């Protein structure tokens, strides 16, 4: 479990760094309007991919272990479903492209159709690799996908293709990953779907698809409203700032979930509910312990982050960075702590209610705030949506599994974050890459010092115990020497 978790961490962490680099490079090379077109296509792809194909992928993960001795019948059925869904989505997409009044968007929507197919196919194969317990290949394919978007997209932008550049680069990366996985489907042929099995897959997959789709709608819906009210250039500014913070903070908090959730489940199954709740409290503290200082640091260093990473053409994005950081903190706490109650209590259907509340709140707030506040209104709408979802999750989650958080240690984390913020406030003005790295280093050191001084979660005693164990071999060596005796 630990070995696979570490491999998956690298498999998702390195591509996340490449995605971070892609944002920095593409915003330097593309005007906000062009970047906005690219961001809208990617957002639309994400949403349609979930709505159309997600139920097939989650069904693969759920039912593959039962067919591991002979997976070809299941894979043949899934291949047939992917082909049928691909034909249907392609027909709708091409008709939409033909009817679109704007010639630029006719081409972009037309390109989105094969990109949708490639994305859905590669995502299905990634889930197949997870089901087969092949994390190394999973990481390699994920890396090819992200590297292709960055390297090939950059080259095609330099070639003068504008918004088509990163999209075609993404497509080539997806195609290369799909070619590398083609051998996994050798001998698999499409079959006529078996009605009972199809009903089983739909009953399992559709509710989860609804959850994933509503969650994606929170993050993508605001972009389409910004485009409607303010145009594509403003979408470019919003998407650049949002994606920058979303990638960084989601990865940071996902790492906690990757390591902690298996330990919570193991404690529940092996030691009982009390042990699981203790582990869950540690999980919540760790999420807050990473998320609070990250969000505070982003808020204080937003001008430097914007100018250093995104460039002067996206300077307006600095206004949304603090709000997006707060939204990602709330979203991470909800997803990786509060929502665990539904999984631990085996009542996952309840999760649909909190995601629906979050999506509805976000869309209503967006429709109200975006016309007057623009990108800032979109960011506040996302934050409001996730806050609503967190409140509903905390209330409904108690019906499945009680999730708590140590109050005293939480207050200590707030105090430590405040001390870090004071240290950053003094040196927040200088702008530049080196200055940003120094500011981050100062913030980290100040925060760790405050956590040690406040003894958050018994940090001093834990650190002392670790130091004692680490120094024990040296003490034994000294005592065993002639001089020591």
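In the working numbering, the protein residues as written are 65 to 549.
By construction, the Cβ of each residue, glycine as well, lies at the ideal position given by its N, Cα and C atoms.
Quick caveat, the model's predicted, so the values are computed rather than measured.
query	result
Boundaries of the alpha helix (DSSP H) in which residue 250 is found, first to last residue	Here residue 250 belongs to no alpha helix (DSSP H), and DSSP marks it neither H nor E.
Entirely enclosed alpha helix (DSSP H) segments - the segment 427-465, minimum 4 residues	439-461
Residue 300 vs residue 100 beta-carbon contact at 7 Å	yes
Expected contact under 8 Å - CB spacing of residue 276 and residue 114 to nearest Å	5 Å
Endpoints, the alpha helix (DSSP H) within which residue 120 is located	96-127
Cβ contact (3+ pairs, closer than 8 Å) linking the segment 398-406 and the segment 345-359	yes
Euclidean distance between Cα positions of residue 383 and residue 511	24 Å
Three-pair Cβ contact test at 8 Å for the segment 254-263 versus the segment 373-381	no
Alpha helix (DSSP H) segment containing residue 384, residue limits	Note, residue 384: premise wrong, no alpha helix (DSSP H); not H, not E.
Validate contact between the segment 192-205 and the segment 143-156 using beta carbons, cut 8 Å, 3 pairs	no
Burial state of residue 334, where buried means 16 or more other Cβ atoms lie within 10 Å	exposed
Start-end ranges of the beta strand (DSSP E) lying completely within the segment 173-203, minimum 3 residues	none
Burial state of residue 525 (16 or more Cβ within 10 Å)	exposed
Proximity to residue 517 [Cα-Cα], best of 501, 484 and 488	484
Simplified DSSP assignment, three categories, for residue 79	helix
Top-ranked residue by Cα proximity to residue 144, from 262, 411 and 340	262
Alpha-carbon spacing of residue 236 relative to residue 97, whole angstroms	23 Å
Per-residue burial, residue 66 [other beta carbons within 10 Å of its own, 16 or more giving buried]	No answer about residue 66 holds up, because its pLDDT of 48 lies below 50 and its placement is not dependable.
Simplified DSSP state of residue 155, which is helix, strand or coil	helix
The segment 80-89 in contact with the segment 305-316 per 3-pair CB rule at 8 Å	yes
Coarse secondary structure for residue 169, derived from DSSP in three states	helix
Cβ-based neighbour list, residue 378, same chain, cut-off 6 Å, excluding 5 preceding and 5 following	91, 301 and 304
Whole-angstrom distance between residue 340 and residue 192, CA atom to CA atom	30 Å
Local Cβ density within 10 Å of residue 147, reported as buried at 16 or more and exposed below that	exposed
Limits of the alpha helix (DSSP H) - the one that residue 503 falls within	497-518
Through-space distance from residue 434 to residue 294, alpha-carbon basis	9 Å
Own chain residues within Cβ distance below 6 Å of residue 353, not counting five before or after	477
Exposure of residue 127, with buried meaning 16 or more beta-carbon neighbours within 10 Å	buried
Proximity below 7 Å, CB of residue 105 to CB of residue 172	yes
As assigned by DSSP and simplified to three states, the class of residue 225	coil
Residue 489 in three-state terms, based on DSSP	helix
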